[in-house]
Structures are given as C-alpha cells and as structure tokens.
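Before any comments, here is the structure.
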Amino acid sequence: MNTKPVNRTQRRRPELTAFLRSRRARVTPADVGMPPGLRRRTPGLRREEVAQLSGVGVTWYTWLEQGRPINASPQVLDAVARTLRLDQTEREHLYHLAEVPYEPDSQLPAQTVDEEIQGIIDTLDPRPAAVYNSRYDILATNPPFRDLFFVPQTLDIGIPNVLWTLFTVSEPNCPVVFRDSELPLMVATLRSSYGRHVGEPAWEEFIRRLSAASPHFAELWAGGNVLPPGPRVKTFRHEAAGEMRMTSVSLSVDGMAECRIVAYTPADEEARRALALLRDRRERLWPPTHAQAVAGTRKIPLP
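Going by this note's numbering, the letters in the sequence shown line up with residues 15 to 317, in that order.
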C-alpha cells in the first residue's frame with residue numbers, strides 16, 4: 015500500500031481549479047457589462063472573457079485555472095479577483111491556493127467593539143479582560159480590568175493605549191511590576207504587528223509621537239526585536255490589594271482584524287484573593303448604576 019504523503023502543492027492545484035471555475039460560473043456577462051451572446055455553453059464567463067477583463071493572456075489564465083506551476087503576482091491575482099467579484103475572504107483564499115503571500119488591504123486599526131464582544135468580556139468577571147487592537151489601543155474593558163488598571167495620572171493623555179500608559183506614567187504609579195522585563199516584550203510584539211503597516215501614516219505618527227514622549231520606548235524600538243502575542247505571567251500592583259501574579263491569555267476575535275481579547279487569570283491563591291478583594295471594594299464603593307456611568311466616561315489609557 016502506498017502511504018507516501020500528498021504534496022501540498024499538488025493538493026492545492028485541484029482546489030484552485032474548482033474554486034476558479036465555480037467563481038467564474040456565477041458571474042454573468044451582464045454583471046460585467048457584456049452582451050449575453052448566443053449559444054453560450056457556460057453558465058457564467060468564459061476563460062477568455064475573464065482573461066480579457068483582467069488584462070492577462072488567455073493562455074496564462076487557462077494555466078492558472080488548471081493549477082499549473084506558473085508565477086502569479088499579487089497585482090494579477092487582484093485583477094482576477096476583481097473580475098470574478100471576490101470578497102475579501104475569497105480573495106485571501108485565492109492567494110493561499112495560488113501560493114502567493116497574502117496581505118490584507120491596509121486599514122486603520124479597529125476602534126470599537128460590538129455588544130456581543132463587550133458581553134463576553136463582562137462575563138469573565140472577576141477576571142480582568144480587555145480588547146486590544148494590534149497597536150495596543152484599548153477598545154473595551156470589563157469592571158475588574160478597570161479596578162486593577164485605572165491610572166489617574168494618565169487621565170490627561172487622552173489616548174486609550176496600553177503603551178502610552180506604561181511608558182509615560184511614573185514607575186511608582188505604574189500598575190505593572192518589573193517594567194524592565196515586561197516593556198521590551200510588549201515593544202517586540204508591537205513591532206511584529208508594525209511589519210504589516212510600514213509606511214501607513216497612522217502607524218508612523220503613533221511611533222513618532224511615542225518615541226518623542228518616551229526615550230525608553232525609542233531605545234527599545236530601535237532594537238528591532240519582534241515577538242508574537244502569547245500567554246505570559248505578569249505581576250501587577252494595586253494600592254489596596256498589593257501585588258498579584260496574573261497569567262495573560264490572548265484570544266483572536268473573528269471579524270475584527272488584528273484584534274484580540276486579553277484576559278488575566280490569577281496565577282496563585284494570593285492573586286485570587288486580591289481580585290476578590292477588589293471586587294468587594296468596587297461593589298461597596300461604586301454601586302452598579304454609578305459604576306456604569308463612570309465607565310462610560312473613562313476614555314483613558316489602561317494596560
């Protein structure tokens with residue numbers, strides 16, 4: 015019995031053929047402003063029509079649809095995707111099948127979350143949780159996150175961003191302990207995301223402004239290290255609960271490119287008791303209706 019594994023490229027070729035044929039079949043001549051013609055045997059566009067509309071040779075497109083080993087540039091694949099009216103998910107699928115590196119359309123990082131995502135992080139109480147985009151902007155928080163990370167000294171910064179808080183607040187007021195080891199990791203994670211946005215005005219301005227505000231950030235940024243997000247144990251401090259060790263876990267959010275839910279779970283019993291203390295303190299000092307009103311006005315940088 016032959017148990018030789020199937021080559022991934024060989025497996026992709028029939029998938030690419032089937033995908034392009036199915037997408038071609040659903041686009042009618044009328045969809046692209048062409049006369050329907052007589053005696054058409056195909057339900058959609060012909061290969062030569064796709065080639066003409068995409069500005070490529072008929073032979074080249076035929077070989078692409080047949081899955082032959084040809085070189086396809088992103089520009090040509092984009093032209094074919096436009097002709098076949100592919101949405102973003104289908105376009106990405108075409109790139110993968112054609113074995114061409116896919117880069118999503120440049121766009122500003124997400125700045126809001128819907129009610130469902132907010133509801134998810136709220137149900138994690140008493141565990142602190144927030145939603146970050148790839149630039150560490152804070153898009154949403156739950157009450158225990160605000161309990162632990164509210165930094166009054168950063169109210170006048172006006173940018174709800176983790177890195178702005180950690181690099182601009184004084185060390186005694188910073189909720190993160192061991193900044194010398196934590197901050198380089200966060201900057202390396204930021205740079206791994208930056209690679210997808212090099213040259214974009216919003217990102218370049220963010221890096222420029224934070225470098226000007228913090229020589230420490232500028233020094234770490236110049237180091238060029240990269241690191242993906244991942245689970246880590248961090249130590250935090252709170253004036254009422256003391257220090258606590260927490261494990262951070264990142265979860266991607268479908269439909270929100272480059273965004274993640276970051277949840278913190280107690281790493282030991284001391285941290286668990288500290289979170290319970292903060293929750294009791296909040297419920298005692300901030301009745302639910304008042305706490306919701308305050309939360310709605312706290313557009314502040316929090317880690």
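Virtual Cβ for every residue (Gly too), placed ideally from N, Cα, C.
L34 versus G244 - alpha carbon distance: Here residue 34 refers to the residue found at position 20 when the sequence shown is read from its first residue. Here residue 244 refers to the residue found at position 230 when the sequence shown is read from its first residue. When rounded, the distance between both Cα atoms is 37 Å.
Beta-carbon proximity check, I152 vs V191, cutoff 8 Å: Here residue 152 refers to the residue found at position 138 of the sequence shown. Here residue 191 refers to the residue found at position 177 of the sequence shown. Not a contact, by the Cβ cut-off of 8 Å.
V247 in three-state terms, based on DSSP: Counting from one through the sequence shown, the residue named residue 247 turns up at place 233. Strand at V247.
DSSP state of L153 mapped onto helix, strand, coil: For the purposes of this step, residue 153 is taken as residue 139 along the sequence shown, with counting starting at 1. Strand, per DSSP.
Residues bridged to N147 [DSSP beta-bridge criterion]: As a first step, residue 147 must be located in the sequence shown, where it is residue number 133. The partner list for N147 (beta bridge, DSSP) reads C273.
The region 252-260 in contact with the region 213-230 per 3-pair CB rule at 8 Å: no
Three-state secondary structure (DSSP) of E29: Reading the sequence shown from its first residue, position 15 is the one you call residue 29. Three-state result, E29: helix.
Enclosing alpha helix (DSSP H) for E283 [first to last residue]: The sequence position of residue 283 within the sequence shown is 269, counting from 1. Residues 283-299.
Delimiting residues of the beta strand (DSSP E) encompassing R259: Within the sequence shown, the letter at position 245 stands for residue 259. Run containing R259: 256-266, per the beta strand (DSSP E) assignment.
Alpha carbon of Y116 to alpha carbon of A202, nearest angstrom: Counted from its first residue, the sequence shown places residue 116 at position 102. Counted from its first residue, the sequence shown places residue 202 at position 188. Rounded to the nearest angstrom, the two C-alpha atoms are 23 Å apart.
Beta-ladder partner(s) of T279, from DSSP: Counting from one through the sequence shown, the residue named residue 279 turns up at place 265. Looking at the DSSP assignment, T279 forms a beta bridge with T261.
Touching by the beta-carbon criterion (3+ pairs, under 8 Å), the region 274-281 and the region 220-232: no
Secondary structure of N175, DSSP reduced to three states: Taking the first residue of the sequence shown as 1, we reach residue 175 at position 161. The answer is strand: DSSP assigns N175 an E or B state.
Three-state secondary structure assigned by DSSP to V190: Translated into the one-based positions of the sequence shown, residue 190 becomes position 176. Here V190 sits in strand by DSSP.
Candidates V267, D136, R222, N187: closest to E257 by CA position: To locate residue 257, count along the sequence shown from 1; it is residue 243. When each option's Cα is compared against that of E257, the closest is N187.
Unbroken stretches of the alpha helix (DSSP H), 4 residues or longer, contained in the region 36-78: 61-68
Beta-carbon gap between R4 and G58 smaller than 8 Å: It is not possible to answer for residue 4, since the shown part of the chain is limited to 15 through 317.
Rounded separation between D338 and S206 - CA only: Within the shown structure, residues of the chain are numbered from 15 to 317, placing residue 338 beyond reach of any answer.
Pair within 8 Å by beta-carbon distance, L78 and T97: Within the sequence shown, numbered from 1, the residue matching residue 78 stands at position 64. Within the sequence shown, numbered from 1, the residue matching residue 97 stands at position 83. For L78 and T97, no; Cβs fall outside 8 Å.
Separation of A65 from A86, as counted between CA atoms: On the sequence shown, residue 86 is found 72 positions in, with the first residue counted as 1. On the sequence shown, residue 65 is found 51 positions in, with the first residue counted as 1. Answer to the nearest angstrom: the Cα atoms are 14 Å apart.
Limits of the alpha helix (DSSP H) - the one that F231 falls within: Walking along the sequence shown from the start, residue 231 turns up at place 217. 229-237 is the span of the alpha helix (DSSP H), which, as asked, contains F231.
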